[in-house]
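J.:
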Amino acid sequence: MDKEQSTKNQHDEQSNFSSQMFHYIRSENSLKLQAAILFFVTKFPGRMNRILLCKHLYYMDGHFFQKFGKTITGFLYLHIEGSPQPVCFNEIMQILITEKKIEVIPFLETENRDEGIVFTLKGLTFKPIAEIPDVFDREEKKVMNSIASTLGGDLSLETRFYPNLYQEYAQTGLYEKIEMKPFAEGKRPHLQWKAWANRIFRLKWQ
295 MDKEQSTKNQ HDEQSNFSSQ MFHYIRSENS LKLQAAILFF VTKFPGRMNR ILLCKHLYYM
355 DGHFFQKFGK TITGFLYLHI EGSPQPVCFN EIMQILITEK KIEVIPFLET ENRDEGIVFT
415 LKGLTFKPIA EIPDVFDREE KKVMNSIAST LGGDLSLETR FYPNLYQEYA QTGLYEKIEM
475 KPFAEGKRPH LQWKAWANRI FRLKWQ
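Quick note on numbering: the sequence shown equals residues 295 to 500 in the numbering used here.
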């Protein structure tokens, strides 16, 4: 009976998760996530790959949460390879591409080899086709523009301007949910650099 109950519980959890994913895709918040994606892709046409785009979305929602106790999109974020990522991100992108609102652009570099010039695929970027829907209020637009102007598509600035949000993301395990929570007033996180493959570091609270 214990094994049967465990199997049933696991099946129920999977069903609940599937229902939640369907809710996200079909919810009104889905339109806001689509619009936010279009906003950043329009700000940086041809420069936004998946990692850049998802990190701009995460810092947008995280920064807005610190000010108003809620996110702009209403989506959960997971720790995916290289970046935080909203749940159902791939499904939302599929909708935008199918509806011809975003175009996928291959990023190619040339290499000189003995046999001649060779084109190498370095990744994929996104280019806007449609206009940004008017679904954001004044405060939401202010935060979105702030994120775009602060980061400017340059992720080397994320730990300088949003170290607390970076810490919340970096300390979670791969594929785990990233919690949105308010930070204690008066506490400012600072970076403590640690040599580990010359690029890994951790954050400490002051």
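Beta carbons: idealized from backbone N, C-alpha and C, even for Gly.
1. Among Phe477, Asn406, Ala442, which has the Cα closest to the Cα of threonine 336?
2. Grouping DSSP H, G and I as helix and E and B as strand, with all else coil, what is lysine 349?
3. Please list the terminal residues of the continuous alpha helix (DSSP H) segment that includes arginine 454.
4. My guess is that leucine 347 and phenylalanine 430 are in contact by the Cβ rule of under 8 Å, so how many angstroms apart are they, rounded?
5. Output the distance between the C-alpha atoms of arginine 407 and arginine 344, rounded to the nearest integer angstrom.
6. Exposed or buried, which one is glycine 417 when buried takes at least 16 other CB atoms within 10 Å?
7. Can you give me the C-alpha to C-alpha distance between isoleucine 426 and leucine 327, rounded to a whole angstrom?
8. Could you tell me the alpha carbon to alpha carbon distance between alanine 330 and threonine 466, rounded to whole angstroms?
9. Looking at C-alpha atoms only, which residue of Thr404, Gly376, Leu325, Lys364 is the closest neighbour of lysine 475?
10. Taking just the CA atoms, how far does aspartate 428 sit from tryptophan 490?
11. Within 10 angstroms of the Cβ of phenylalanine 383, are there 16 or more other Cβ atoms? Answer buried if so, exposed if not.
12. Out of Tyr371, Gly340, Met342, Arg341, which one is the CA nearest neighbour of aspartate 355?
T.: Once the coordinates are examined:
1. To locate residue 336, count along the sequence shown from 1; it is residue 42. Nearest to threonine 336 by C-alpha distance, out of Phe477, Asn406, Ala442, is Ala442.
2. Along the sequence shown, one-based indexing puts residue 349 at 55. Helix.
3. Residue mapping note: residue 454 aligns to position 160 of the sequence shown, counting from 1. 452-455 is the span of the alpha helix (DSSP H), which, as asked, contains arginine 454.
4. On the sequence shown, position 53 is the one that residue 347 refers to. On the sequence shown, position 136 is the one that residue 430 refers to. Leucine 347 to phenylalanine 430, Cβ: 17 Å. No contact.
5. On the sequence shown, residue 407 is found 113 positions in, with the first residue counted as 1. On the sequence shown, residue 344 is found 50 positions in, with the first residue counted as 1. Taking the straight line joining both Cα atoms gives about 29 Å.
6. As a first step, residue 417 is located in the sequence shown; it is residue number 123 there, counting from the start. It counts as exposed.
7. Here residue 426 refers to the residue found at position 132 when the sequence shown is read from its first residue. Here residue 327 refers to the residue found at position 33 when the sequence shown is read from its first residue. When rounded, the distance between both Cα atoms is 11 Å.
8. Residue mapping note: residue 330 aligns to position 36 of the sequence shown, counting from 1. Residue mapping note: residue 466 aligns to position 172 of the sequence shown, counting from 1. Cα to Cα, alanine 330 sits roughly 24 Å from threonine 466.
9. Translated into the one-based positions of the sequence shown, residue 475 becomes position 181. That would be Lys364, whose Cα lies nearest to the Cα of lysine 475.
10. In the sequence shown, counting from the first residue as 1, residue 490 sits at position 196. In the sequence shown, counting from the first residue as 1, residue 428 sits at position 134. With a pLDDT of only 35 at tryptophan 490, under 50, the local geometry of the prediction cannot be trusted, and the value read off the model is given with reservation. If you draw a straight line from the Cα of tryptophan 490 to the Cα of aspartate 428, it comes to about 45 Å.
11. As a first step, residue 383 must be located in the sequence shown, where it is residue number 89. By the neighbour-count rule (16 or more Cβ atoms within 10 Å), phenylalanine 383 is buried.
12. Taking the sequence shown and counting its residues from 1, the one referred to as residue 355 is at position 61. Of the candidates Tyr371, Gly340, Met342, Arg341, the one whose C-alpha sits nearest the C-alpha of aspartate 355 is Tyr371.
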